[in-house]
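K.L.:
Got a structure for you, questions after.
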Amino acid sequence: MTEHDSQTRARRRQHRTADRTAPPNPQRRLRADGGQPPVVVKIGGANAVDPEGAVDDIASLVDGDREVVVVHGGSTAVDDTLERMDIEPTYVETPGGVTGRFTDAETMEVFAMVMAGKLNTELTTLFRNAGVDAVGLSGVDGGLLTGPRKSAVRVLEDGKKKIKRGDHSGKITDVNSDLLTTLLNDGYTPVVSVPMLGEDDDEVLPVNADADRSAAAVAGALGAELVVLTDVAGIYADPDDPETLIDSAATPAELESVKAAAEGFMTKKVMAATEALEGGATAVHVGDANRDAPVSSALDGAGTKIE
Amino acid sequence: MTEHDSQTRARRRQHRTADRTAPPNPQRRLRADGGQPPVVVKIGGANAVDPEGAVDDIASLVDGDREVVVVHGGSTAVDDTLERMDIEPTYVETPGGVTGRFTDAETMEVFAMVMAGKLNTELTTLFRNAGVDAVGLSGVDGGLLTGPRKSAVRVLEDGKKKIKRGDHSGKITDVNSDLLTTLLNDGYTPVVSVPMLGEDDDEVLPVNADADRSAAAVAGALGAELVVLTDVAGIYADPDDPETLIDSAATPAELESVKAAAEGFMTKKVMAATEALEGGATAVHVGDANRDAPVSSALDGAGTKIE
Amino acid sequence: MSEADCPECGAGVDLHDDLEVGEILDCGTCGAELEVLAADPPELDTAPELEEDWGE
Amino acid sequence: MSEADCPECGAGVDLHDDLEVGEILDCGTCGAELEVLAADPPELDTAPELEEDWGE
Ligand SMILES: [Zn+2]
Ligand SMILES: [Zn+2]
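Protein chains in written order, with this note's numbering: chain A, 1 to 307; chain B, 308 to 614; chain C, 615 to 670; chain D, 671 to 726.
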């Protein structure tokens, strides 16, 4: 994850070097109080996950002067609005057998509406009501989450392998950590939502990206601790046996066994965790969104810690 | 328009005085280059108004190191999405004879989706493609546009005067100019959208506000020049006679005659202009969105100038 | 036709039959604008002054 | 059944009748994955490698 540095900003900077107030290298910067790295919290979009507990807990953390960046998902709300608008989503199957929603142009428009307009505004309002000076941002704002757009996907259709074009998704390669740092320095709590900003041949456009991986990219860029909240207590060696919760993985070998243990949607969480650590995050915690104080207890060792 | 100063921020500031980088009084501050005040540009939401010309023109202004804040409307897009979602908007008539849409809870949700999610993301993307480092914000973000929520409206229904409650609208009394100033100092161009943040008895919530008046509030708080783009060349003494375009109004008497001349939707523009000047804006220009270089030509004296 | 007391001046206010909640009546005695809070039994209160401003 | 040349190795690739644009064929000679760019007349190109990652 490199520092965001588009042509635009570079040009602007030439004019404004004297004005700039952000520290020269915000990555892994130390706080003035010599304190802890920021926390990036991924709040789920799954219906099973109630954000209220996390919101109050984050309000306590922010009140205790911990810097927090929130990243949220919400694909089920996108599905609901698509249905409400009588838009039939196209589901495609990858050669690997994973089913996903194909994001055509119309779906992308609804996606941006629901994520950046509905859910982000709702969550930002929840935080403000909890006393947190929240600022909602999408990945488009300030090029916060930027990377190449991907139009083509490989799919399985009627048993045939095909290339399907016209998808609106992308892979985050740049995070504008300056923007987040400036807001954090001023006491704000950024609430970040996909879409990301996709770079196509000669233009940029909003495209879909996975919220877990977005949170991972942000955590990497800020050298932060990442807390991924989900609807189970953590990663299990045997998902059917609650006794097999994995406490922590601190060596490459332990991480490999976590990867092997993760099944279904948990695979994506572990993939995101790996990306976060490779990108510069100090630690990743996967924890239960529905327990009391879900963020601080995950930071304190509940759930699964990967480092 | 007073400086934004919620309890939250005040509390945060106690901890972070040393960290804070914003100038102590951003209102009417002078630029480091001793230059011009910022420009606040209101881009219309009417279908007749094509933003492309304004976007390129604003890109040139920003490139020339002028600070710009964009505020946009878009009520017709809200209507379109309501229709698409089979939600019948409730139109009400005020005792004064003005017809407006009643913003109930469901309409408010769609309003936030379309304004902050669809239109704001689209416009921010247009600016980024024009080389402007745009950051989209709604009035909820950082409490950017805050004021009392109004639930009750007076309406005429079947010839009867009534009080109708449950409206989601509000009146902006506070602008977080610190947030805008911080972003401008870092070379960003804020793209601001309603909803505003409405203060109810014991909570805050997103509510509807007129985009012209939102732009006026922002211009007042920043001590900026306000450019209101619309689909006519300016304000006419006689709207049916293009020869009667009013060039400027610089005295209270001239402003009164502009107020008298303004009809229909132009009344709202003049009301917004008055609020901007009373709030601290240096000048207000009402100009044609569809001419070449609509913003810079309005600043240069095309259209109607009120000061 | 029933009647209720004006909360402003105490005089009786005539109420028509199809009274609706939210309706604004004028007190014939003091001229105050009165909001119908409930129709049956009728309950009146001074109608709030409201600016005529609209959203987007 | 018609045939087209593999853009990787030049060998002939057998094409079935209901060829669809976007379909991926394997070259029987060199094993390359080939994307059908056009069905009639048939046009093949090397299929792009794509990571299997999905959005939200
Ligand atoms: Zn009376
Ligand atoms: Zn071959």
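Where a beta carbon is used, it is the ideal one built from N, C-alpha and C, also for glycine.
(1) Considering Cα atoms alone, identify which of A:79, A:88, A:156 is closest to residue 97 of chain A.
(2) Between A:54, A:211, A:35, A:36, which has its C-alpha nearest residue 288 of chain A's C-alpha?
(3) Using Cβ-Cβ distances below 9 Å, what residues of the region 645-661 of chain C are close to chain B?
(4) Please look up how many angstroms separate the CB atoms of residue 569 of chain B and residue 613 of chain B, rounded, as I've assumed it's under 8 Å.
(5) How is residue 232 of chain A classed by DSSP in three states: helix, strand or coil?
(6) Which residue or residues does DSSP assign as beta-bridge partners of residue 656 of chain D?
(7) What are the start and end residues of the beta strand (DSSP E) that includes residue 304 of chain A?
(8) Round the Cβ separation of residue 647 of chain C and residue 629 of chain C to the nearest angstrom and send it over; I've been treating them as touching at under 8 Å.
(9) At 9 Å on the CB atoms, spell out the chain C contacts of residue 517 of chain B, in chain order.
(10) Quick one: what's residue 72 of chain A bridged to in DSSP?
(11) Strictly below 7 Å CB to CB, what residues from chain A border residue 698 of chain D?
(12) Anything in chain B within Cβ reach of residue 664 of chain C, meaning under 9 Å, just list it in chain order.
(13) Would the region 675-689 of chain D and the region 113-131 of chain A be scored as touching if the rule is three or more Cβ pairs under 8 Å?
(14) Going along the chain, which residues of the region 416-448 of chain B sit with their C-beta nearer than 9 Å to a C-beta in chain C?
(15) Leaving aside the five residues before and after residue 337 of chain B along the sequence, list all residues of the same chain whose C-beta is less than 8 Å from its C-beta, in chain order.
(16) When we look at the beta-carbon of residue 467 of chain B and count the other beta-carbons within 10 Å, is it buried (16 or more) or exposed?
(17) Quick one: Cα of residue 522 of chain B to Cα of residue 714 of chain D, how far?
(18) Give the residues from the region 82-107 of chain A that approach chain B closer than 7 Å (Cβ to any Cβ), ordered along the chain.
(19) Quick one: which residues of the region 511-535 of chain B get their C-beta closer than 7 Å to a C-beta of chain A? List them in chain order.
(20) I'd like the span of the alpha helix (DSSP H) that includes residue 140 of chain A, first residue to last.
(21) Could you tell me if residue 571 of chain B is buried or exposed, where buried requires 16 or more neighbouring beta carbons within 10 angstroms of its beta carbon?
(22) So which residues of chain G does residue 80 of chain A contact, with C-beta pairs closer than 7 Å?
(23) So is residue 725 of chain D buried or exposed if we call it buried at 16+ other beta carbons inside 10 Å?
(24) Is there a Cβ of chain A sitting closer than 9 Å to that of residue 602 of chain B, yes or no?
(25) Out of curiosity, what's the CA-to-CA distance linking residue 447 of chain B and residue 502 of chain B?
(26) Please list, in chain order, the chain C residues whose beta carbon lies closer than 9 Å to that of residue 347 of chain B.
(27) Looking at the unbroken beta strand (DSSP E) that takes in residue 206 of chain A, where does it start and where does it end?
(28) Applying a beta-carbon distance threshold of less than 8 Å, which residues of chain A neighbour residue 450 of chain B?
(29) Residues near ligand 1, CB to any non-hydrogen atom under 6 Å, in chain order?
(30) Within the 9 Å Cβ cut-off, does residue 192 of chain A reach chain D?
(31) Counting only Cβ pairs nearer than 8 Å, list the residues of chain D close to residue 160 of chain A.
(32) State yes or no: is the C-beta of residue 204 of chain A nearer than 8 Å to some heavy atom of ligand 3?
(33) Under a Cβ-count criterion, where at least 16 other Cβ atoms within 10 Å of its own Cβ denotes burial, should residue 24 of chain A be classed as buried or exposed?
(34) Taking the straight line between their C-alpha atoms, what separation do you get for residue 583 of chain B and residue 576 of chain B?
(35) Assign residue 181 of chain A to one of two classes, buried (16 or more other C-beta atoms within 10 Å of its C-beta) or exposed (fewer than that).
(36) Closer than 8 Å: is that where the CB of residue 706 of chain D sits relative to any heavy atom of ligand 2?
P.N.:
Considering the structure as presented:
(1) Between residue 97 of chain A and the set A:79, A:88, A:156, the nearest pair of CA atoms involves A:156.
(2) Check the Cα spacing between residue 288 of chain A and each of A:54, A:211, A:35, A:36: the tightest is with A:54.
(3) Listed by position along the chain: 647, 649, 650, 661.
(4) Contact flag wrong, Cβ pair sits at about 11 Å.
(5) Residue state, collapsed to three classes: coil.
(6) No answer is possible for residue 656 of chain D: it lies beyond the span of chain D, which begins at 671 and ends at 726.
(7) For residue 304 of chain A, the enclosing beta strand (DSSP E) covers residues 304-306.
(8) For a cut-off of 8 Å, the C-beta gap from residue 647 of chain C to residue 629 of chain C is around 15 Å, too long to register as a contact.
(9) Those within 9 Å of residue 517 of chain B in chain C are 667, 668, 669, 670.
(10) According to DSSP, residue pairing for residue 72 of chain A in a beta bridge involves A:43, A:193.
(11) Residues of chain A passing the Cβ test: none, with the nearest at roughly 15 Å.
(12) The contacting residues are 457, 459, 460, 461, 470.
(13) Counting C-beta pairs with one atom in each stretch, the region 675-689 of chain D and the region 113-131 of chain A have fewer than three that are closer than 8 Å, which means they do not touch.
(14) If the cut-off is 9 Å between Cβ atoms, the region 416-448 of chain B has 418, 422 near chain C.
(15) Any answer about residue 337 of chain B is weak, because its pLDDT of 48 lies below 50 and its placement is not dependable; what the coordinates show is given next. Cβ within range, chain order: n/a, list empty.
(16) Label assigned to residue 467 of chain B: exposed.
(17) Answer to the nearest angstrom: the Cα atoms are 55 Å apart.
(18) Listed by position, the residues of the region 82-107 of chain A near chain B (Cβ gap below 7 Å) are 84, 85.
(19) Those residues of the region 511-535 of chain B that come within reach of chain A (Cβ to Cβ, closer than 7 Å) are 511, 512, 513.
(20) DSSP places residue 140 of chain A in no alpha helix (DSSP H); its state is neither H nor E.
(21) The residue in question, residue 571 of chain B, is exposed, as its Cβ has fewer than 16 Cβ neighbours within 10 Å.
(22) This model lacks chain G altogether; the protein chains it does include are A, B, C and D.
(23) Its Cβ being crowded by 16 or more others within 10 Å, residue 725 of chain D is buried.
(24) Not closer than 9 Å to any Cβ of chain A, the Cβ of residue 602 of chain B fails to qualify, so no.
(25) Taking the straight line from one Cα to the other gives about 7 Å.
(26) The premise fails here: residue 347 of chain B is roughly 16 Å from chain C at the closest Cβ pair, so nothing lies under 9 Å.
(27) Residues 204-207.
(28) 128, 133, listed in chain order.
(29) Near ligand 1, meaning a Cβ closer than 6 Å to any of its heavy atoms, lie the following residues in chain order: C:620, C:622, C:623, C:625, C:641, C:643, C:644, C:646.
(30) Not a single CB atom of chain D sits nearer than 9 Å to the CB of residue 192 of chain A.
(31) For residue 160 of chain A, the C-beta contacts it makes with chain D under 8 Å involve 690, 693, 694, in order along the chain.
(32) For the structure depicted, ligand 3 is absent and the ligand set comprises only ligand 1 and ligand 2.
(33) Low per-residue confidence applies at residue 24 of chain A: pLDDT is 39, beneath 50, and the placement is therefore not dependable, though the value from the model is reported in the following sentence. By the neighbour-count rule (16 or more Cβ atoms within 10 Å), residue 24 of chain A is not buried but exposed.
(34) In this structure, the CA atom of residue 583 of chain B is about 10 Å from the CA atom of residue 576 of chain B.
(35) So residue 181 of chain A ends up on the buried side.
(36) Checking the Cβ of residue 706 of chain D against ligand 2 gives no.
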